[in-house]
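Numbering (mature numbering (1 follows the signal peptide of the UniProt record, and there is no 0)), first residue to last: -19 to -1, 1 to 132. Inspection log for the structure reproduced underneath, given as structure tokens.
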């Protein structure tokens, strides 16, 4: 980028680096050249700007190509930055969702432990009665925890 700006600056200076006007004075058949207009006689201002050369045309076309490349790279960089920003946003969203799922899994595992203790305490009170219901409740809870935690 700095190189491009340097080239632009040098090209701008080249355009402004032409000589002042030159005057051709003709006094009594004698011709003189000076940087100031003639005080007496006939004065003709001479053209001092050089005609456009192939080198200047090449420099101008090179400058235009470099401007186009610079614009394309800026556009590419902008698109890349937008993609990176979107990827970071998506990653943050995924992390939030994952953290929520892990928290839900931990809550369900705690509830399963409490329910297992409660069912064991009930089994101890009533003996063998209601064992099938307790086993089914434990199985339902285990499936729910497995479904929540396996994602």
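A virtual CB, placed ideally from N, CA and C, is assigned to each residue, including glycine.
- For the options 35, 116 and 67, the alpha carbon positioned closest to that of residue 104 is the one of 116.
- The beta carbons of residue 8 and residue 21 sit closer together than 9 Å.
- Counting only the Cα atoms, residue 34 lies some 29 Å from residue 13.
- DSSP places residue 19 in no alpha helix (DSSP H); its state is neither H nor E.
- DSSP, read as helix, strand or coil, puts residue 25 in strand.
- Taken through DSSP and simplified to helix, strand or coil, residue 7 comes out as strand.
- Under DSSP, residue 113 forms no beta bridge with any residue.
- The count of Cβ pairs closer than 8 Å, one atom from the segment 73 to 91 and one from the segment 120 to 129, reaches three, so the stretches are in contact.
- Within the segment 35 to 102, no complete alpha helix (DSSP H) segment of 4 residues or longer occurs.
- Setting aside the 5 residues that flank it on each side, residue 25 is surrounded in the same chain by 5, each with a C-beta closer than 6 Å to its C-beta; the list follows chain order.
- Residue 122 is not a Cβ neighbour of residue 83, given a cutoff of 9 Å.
- Cβ-Cβ distances below 7 Å link residue 100 to 115, 118 and 119 in the same chain, with the five nearest sequence neighbours on each side left out; the list follows chain order.
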